[in-house]
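**Student:** In the working numbering, the protein residues as written are 308 to 435.
All residues carry an ideal CB built from backbone N, CA and C; glycine is no exception.
#1: Which value, in whole angstroms, describes the spacing of the CA atoms of residue 348 and residue 359?
#2: With residue 337 and residue 383 assumed to form a contact (beta carbons below 8 Å), what rounded beta-carbon distance in angstroms separates them?
#3: Please say whether residue 378 and residue 331 have beta carbons closer to each other than 9 Å?
#4: Less than 8 Å between the CB atoms is what I'm expecting for residue 389 and residue 374, so what's the real figure, rounded?
#5: Do residue 381 and residue 334 have their C-beta atoms closer together than 9 Å?
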């Protein structure tokens, strides 16, 4: 049984739809993990909140040109964002939120940095 060109294109269209729905769901999940609103992410990308909402719902295709910025803001690789990262590529390490907090702490005055480190040391010692 041979496939017609129209049938093949229908299959590609369905695969595209599935891909963009999954991508949208992943963007929404990662955005929430980073505690970023749709409005904030839309502003970073230079699009409207309605477009952002349509991307997350899988109703609009995310342009490939936006993927690097999305990945950077959501603290993942482009490969992970589009779902092709393998478990071998994943390394155990700090959660994206923790990395963001570390960056914020590094911007504090040295005295406040020391205070935060002392608090963390106390909490860690209580856990062991």
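**Tutor:** The answer reads as follows:
#1: So the alpha carbons of these two residues sit roughly 8 Å apart.
#2: Separation of the CB atoms of residue 337 and residue 383 is rounded to 6 Å, and the pair is thereby assigned contact status at 8 Å.
#3: With a cutoff of 9 Å on beta-carbon distance, residue 331 and residue 378 are scored as not near each other.
#4: A Cβ-Cβ distance of about 7 Å is found for the pair residue 389 and residue 374, placing them in contact under the 8 Å criterion.
#5: Yes. Within cutoff.
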